[in-house]
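Visitor: Dropping a structure here in structure tokens format, bear with me for questions.
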């Protein structure tokens, strides 16, 4: 096969650190090439070099594209050659229409006046190619994340893409949308469009990729051909540089009596009060137990957790919650914390951390009074607390004075966890605790969860990654469309069983209406 | 790509840290102080020594007292992620209210002052209520407040100036600390206060350093710490000596110093302060950590209203009359002072001391340029450019970091 891209001996240094060290990447025309590696391995940096974000001259090595050595000075240069990168955080303007977004900066216009007819016609064509039937006038904000991702791809197609780079495209998509996206990549492949897929989800990679390049610590450590029958374990071994035989720590659950019980919990959508986002949910969790809540994105799991945690989501909330047999006052976040509840968010940057502040300032935030006397913060106790958790959770940082925005995703997550561990709740709800985190850090977080359960706390884990739930929980609820549609002991659960519960209840509902 | 290793503070930790390297790392914090010193030095030379003449220095403090008082409140509003455009109008309104109460209605000035402060707090609450509990953008709420109180000032004064105030009332802004020690040429008592405060601050920072060393979080190199402490000590003693040489420390200077001390303490050492910065940094995360961000925002505006009222009293007392024009466009000077002092538009960043230094930078420039006979036209241009330069410096410095 023809080589469309060869990156030769790419070395990129930032002050004090070598981000890429003599990296080679060869991509054949018309293949799906996966780029994997832990966070910080250099995947994004490599793609920034390729797309010209880091202009020619700021790195060593050559980019050979289509047989010619290229020196991109900016993203415009690479785009005009048909190299389009779609970032993890989508770059759509939420309040503009789909059509306007597709041609943003590249408007169909004559003499500066937009030709709406042409915009509409071309948008429709492009949307059809990515399998979207929504009209081009739809406001992007009204589309789900999965469809927004497709709009991004339509935008790439409008620029006559030849090499499509997708950075973690499915990280915020549910199973169904992820499948559709991967199918689309396969379709593109059939039409001769080459893709580079950056992903943490090894099952997706083994499904669609032809070739895999593994990066570790800024070097390309392996190039695997999927025809040879690569197993996920092989990839992981190359990624972490050691065999990670057990992805989940061993544990020996000691489950006690029920600590929290929720009955008939119903939550309405804050803007559309007629919609029940959580519908008559009842569950309980026991001391020392790790309870999982499985379900697809949008099933109402986060909404359930946030509505319990001080009514932080929704309106017209009804139902009862008892903690330790007594009716729990969860009317505000403060009261929920006082009642022994804690919720670590799925979106740590928006809801979890004060990014501009240090580890030291973030860790004690949920229980400031414990490091203060008479309202005056005692810096020494603050430092001790932060240092204790920094060591206990192995937060990789220069010191507690490091600003959290500079930490990697896994370490940010550990700071969020530290905050809640310090608040010392009886029941800890963890919402997608390992999203966007590399394999090594995941294991560390699982270990923390295990130790917490062993110390008698009740842990509720919300996760979209079923293997994770199966690996670390004792008991599972399955949630779909606002309801709990199944309960099973993890020992008897399987991915198939969970999916069956979801699909079956989904189609039952479909027949009802 | 992990940004961790790119963090300069981390690299700094590994290397030996000279005073100079430390300074480079903390340019943002100390830059503003150096700017003030440089500007003072420039005008001291350009005006042929008039700037630091005892009488002028005293004037400088009197002229800027109300801006400084409001800048303290504004700093907290801005740290919290909001803005208050109404402070100038509130200042004017409270001055008018004081005049009506004291001059027209003959209410004793002490009671009138308490009423005025309370009304200021209520005004702040009324605005904070909409901002905090109904999430109406503070820019809009306080823009409305600015118009409302400008109008109410006119109505209250019926378009006329009202005055004069009783002499005792005027003491807050034109009085001086009496010399209890009976110095002849020099107000010895004032000098003593200055020296005592300087010594107190010196001991306090020494104690803090000892504490920091014990917990291993001291990051100032020793020579830097020594030079800094000695300079601050010397500057304070020198200033109080200069003022003692004129008529002593102005009463309003004592008020200002107390406010700076109290609010510095509140913002940097208390749980209230921590929470305020947390809200400004990320309101959602703060709320989900159990912080009652609505109440804190509400209180911050109430406090701003009260400080604007205090500034209103000081200003009216200084002018010895309440005029319908009082306070017009003061809010801009106050906001400029806070931003020059290193606060961030998006909230979560800034210090009380920075805001005060920012206010004095504006004040020294006003004063110095007036002495040099530069017209009000060019004064505005230069002040505008200084504000822009200060913020550009901040932003560039942050990007570089």
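Residue numbers (my numbering), protein chains in the order written: chain A, 1 to 513; chain B, 514 to 914. Just so it is clear, CB atoms sit at the ideal spot from N, CA and C, and this is done for glycine as well.
Since residue 871 of chain B is in the alpha helix (DSSP H), which residue starts that stretch and which ends it?
Guide: In the second chain, counting from the first residue as 1, residue 871 of chain B sits at position 358. Segment 865-884, the alpha helix (DSSP H) holding residue 871 of chain B.
Visitor: With contact counted as at least three CB pairs below 8 Å, one residue from each stretch, are the region 550-568 of chain B and the region 792-811 of chain B in contact?
Guide: At 8 Å Cβ cutoff, the stretches do not touch.
Visitor: Do we get a CB-CB distance below 7 Å when we pair residue 798 of chain B with the residues of chain A?
Guide: Within the second chain, the letter at position 285 stands for residue 798 of chain B. True, the Cβ-Cβ gap to chain A drops below 7 Å.
Visitor: Between which residues of its own chain and residue 766 of chain B is the CB-CB distance below 7 Å, once the five residues before and five after are set aside?
Guide: Taking the second chain and counting its residues from 1, the one referred to as residue 766 of chain B is at position 253. If we look at residue 766 of chain B and ignore the five residues flanking it on each side, its Cβ neighbours are 574.
Visitor: On the CB-based measure, 16 or more other CB atoms within 10 Å of its CB, does residue 169 of chain A come out buried or exposed?
Guide: Within the first chain, residue 169 of chain A is the residue found at index 169, counting from 1. With 16 or more other Cβ atoms within 10 Å, it is buried.
Visitor: Which of helix, strand or coil does DSSP assign to residue 317 of chain A?
Guide: Within the first chain, residue 317 of chain A is the residue found at index 317, counting from 1. It is a strand residue.
Visitor: So what's residue 3 of chain A in DSSP terms, helix, strand or just coil?
Guide: Mapped onto the first chain, residue 3 of chain A falls at position 3. Reduced to three states, the DSSP call for residue 3 of chain A is strand.
Visitor: Answer yes or no: does any C-beta atom of chain A fall closer than 7 Å to that of residue 801 of chain B?
Guide: Translated into the one-based positions of the second chain, residue 801 of chain B becomes position 288. Chain A, which has a Cβ nearer than 7 Å to the Cβ of residue 801 of chain B, makes this yes.
Visitor: So for residue 18 of chain A, helix, strand or coil by DSSP?
Guide: Position 18 of the first chain, counting from 1, holds the residue named residue 18 of chain A. Residue 18 of chain A falls in the strand class under three-state DSSP.
Visitor: Which parts of the region 660-687 of chain B are runs of the alpha helix (DSSP H), unbroken and 4 residues or longer, counting only runs that do not cross its ends?
Guide: As far as the region 660-687 of chain B is concerned, its whole alpha helix (DSSP H) runs of at least 4 residues are 680-687.
Visitor: Apart from the five residues just before and just after residue 23 of chain A, which ones in its own chain have a Cβ nearer than 8 Å to its Cβ?
Guide: Walking along the first chain from the start, residue 23 of chain A turns up at place 23. Excluding positions up to five away in sequence, the list reads 7, 9, 10, 11, 42, 46, 61, 215, 218, 219, 220.
Visitor: Is residue 484 of chain A closer than 7 Å to residue 278 of chain A when the C-beta atoms are compared?
Guide: Indexing the first chain from 1 puts residue 278 of chain A at position 278. Indexing the first chain from 1 puts residue 484 of chain A at position 484. Not a contact, by the Cβ cut-off of 7 Å.
Visitor: Specify the secondary structure class of residue 479 of chain A as computed by DSSP and reduced to three states.
Guide: The residue you call residue 479 of chain A lines up with position 479 of the first chain. Here residue 479 of chain A sits in strand by DSSP.
Visitor: Leaving out five residues on either side along the sequence, give the residues of the same chain with a beta carbon under 8 Å from the beta carbon of residue 457 of chain A.
Guide: As a first step, residue 457 of chain A is located in the first chain; it is residue number 457 there, counting from the start. If we look at residue 457 of chain A and ignore the five residues flanking it on each side, its Cβ neighbours are 287, 288, 425, 426, 427, 428.
Visitor: So residue 391 of chain A contacts chain B; which residues on that side make the cut at Cβ distance below 7 Å?
Guide: As a first step, residue 391 of chain A must be located in the first chain, where it is residue number 391. Result: empty, since nearest Cβ-Cβ is about 13 Å, beyond 7 Å.
Visitor: For residue 354 of chain A, return the contacting residues in chain B, with the cut-off set at a CB-CB distance below 8 Å.
Guide: Along the first chain, read from residue 1 onward, the residue named residue 354 of chain A stands at position 354. Chain B residues near residue 354 of chain A: 790, 791, 794, 795, 798, 799, 861.
Visitor: Distance cutoff 7 Å, beta carbons only. Does residue 787 of chain B sit that close to anything in chain A?
Guide: Locating residue 787 of chain B in the second chain gives position 274, counting from the first residue. For residue 787 of chain B, the answer is yes, since a Cβ of chain A falls inside 7 Å of its Cβ.
Visitor: I need the boundaries of the alpha helix (DSSP H) containing residue 76 of chain A, first residue and last residue.
Guide: Numbered from 1 along the first chain, position 76 holds the residue referred to as residue 76 of chain A. Run containing residue 76 of chain A: 75-80, per the alpha helix (DSSP H) assignment.
Visitor: Where does residue 717 of chain B fall in DSSP's three states?
Guide: Numbered from 1 along the second chain, position 204 holds the residue referred to as residue 717 of chain B. In the structure shown, residue 717 of chain B sits in a helix (DSSP, three-state: H, G or I).
Visitor: State yes or no: is the C-beta of residue 520 of chain A within less than 7 Å of the C-beta of residue 307 of chain A?
Guide: Outside the displayed span of chain A (1 to 513) sits residue 520 of chain A, for which this structure offers no information.
Visitor: Measuring only the C-alpha atoms, how far is residue 532 of chain A from residue 462 of chain A?
Guide: A query on residue 532 of chain A cannot be resolved here, the shown segment of chain A reaching from 1 to 513 and no further.
Visitor: Can you tell me whether residue 34 of chain A is buried or exposed? The criterion is at least 16 other CB atoms within 10 Å of its CB, across all chains shown.
Guide: Walking along the first chain from the start, residue 34 of chain A turns up at place 34. Classification for residue 34 of chain A: buried.
Visitor: Would you say residue 510 of chain A lies against chain B (beta-carbon separation less than 7 Å)?
Guide: Taking the first residue of the first chain as position 1, residue 510 of chain A is located at position 510. In this predicted model, residue 510 of chain A has a pLDDT of only 43, less than 50, meaning its place in the structure is not dependable enough to derive any value.
Visitor: Can you say whether residue 94 of chain A is buried or exposed, counting buried as having 16 or more other CB atoms within 10 angstroms of its CB?
Guide: Taking the first residue of the first chain as position 1, residue 94 of chain A is located at position 94. Result: exposed.
Visitor: Should residue 58 of chain A be labelled buried (16 or more other beta-carbon atoms within 10 Å of its own) or exposed?
Guide: As a working mapping, residue 58 of chain A is identified with position 58 in the first chain. It counts as exposed.
Visitor: Quick one: Cα of residue 547 of chain B to Cα of residue 719 of chain B, how far?
Guide: Locating residue 547 of chain B in the second chain gives position 34, where the first residue counts as 1. Locating residue 719 of chain B in the second chain gives position 206, where the first residue counts as 1. For residue 547 of chain B and residue 719 of chain B, the distance between alpha carbons rounds to 22 Å.
Visitor: Closest to residue 151 of chain A by CA distance: which of A:161, A:140, A:159, A:160 is it?
Guide: Here residue 151 of chain A refers to the residue found at position 151 when the first chain is read from its first residue. That would be A:140, whose Cα lies nearest to the Cα of residue 151 of chain A.
Visitor: If you reduce the DSSP assignment to three classes, tell me which class residue 532 of chain B lands in.
Guide: The sequence position of residue 532 of chain B within the second chain is 19, counting from 1. Three-state DSSP puts residue 532 of chain B in a helix.
Visitor: Return the CA-CA distance between residue 244 of chain A and residue 274 of chain A, expressed in angstroms with no decimal places.
Guide: Within the first chain, the letter at position 244 stands for residue 244 of chain A. Within the first chain, the letter at position 274 stands for residue 274 of chain A. Low local confidence applies: a pLDDT of 49 at residue 244 of chain A is under 50, so the model's placement there is unreliable, with the coordinate-based value given in what follows. Residue 244 of chain A and residue 274 of chain A: Cα-Cα distance of roughly 48 Å.
Visitor: Using a Cβ cut-off of 7 Å (strictly closer), state whether residue 366 of chain A contacts chain B.
Guide: For the purposes of this step, residue 366 of chain A is identified with residue 366 of the first chain, where counting begins at 1. Yes, residue 366 of chain A counts as interfacial toward chain B.
Visitor: For residue 379 of chain A, which three-state DSSP category applies?
Guide: If you number the first chain from 1, residue 379 of chain A lands on position 379. If DSSP states are grouped into helix, strand and coil, residue 379 of chain A belongs with the helices.
Visitor: If I measure Cβ to Cβ from residue 176 of chain A and keep anything under 8 Å in the same chain, skipping five residues before and after, which residues do I get?
Guide: Sequence index remark: in the first chain, residue 176 of chain A carries index 176 (1-based). Counting only Cβ-Cβ distances below 8 Å, and skipping sequence neighbours, we find 146, 296.
Visitor: Can you have a look at residue 117 of chain A and say buried or exposed, based on whether 16 or more other CB atoms are within 10 angstroms of its CB?
Guide: Start at 1 with the first residue of the first chain, and residue 117 of chain A comes out as number 117. When all chains shown are included, residue 117 of chain A counts as exposed.
Visitor: With 7 Å set as the bound, which would you pick, yes or no: does the beta-carbon of residue 784 of chain B sit closer than that to a beta-carbon of chain E?
Guide: In the displayed structure, chain E is absent; the protein chains listed are A and B.
Visitor: Return yes when the Cβ of residue 102 of chain A is within less than 7 Å of the Cβ of residue 154 of chain A, no when it is not.
Guide: Here residue 154 of chain A is taken as the residue at index 154 of the first chain, counted from 1. Here residue 102 of chain A is taken as the residue at index 102 of the first chain, counted from 1. Cβ atoms of residue 154 of chain A and residue 102 of chain A: closer than 7 Å.
Visitor: In this structure, does DSSP put residue 88 of chain A in helix, strand or coil?
Guide: Along the first chain, one-based indexing puts residue 88 of chain A at 88. If DSSP states are grouped into helix, strand and coil, residue 88 of chain A belongs with coil.
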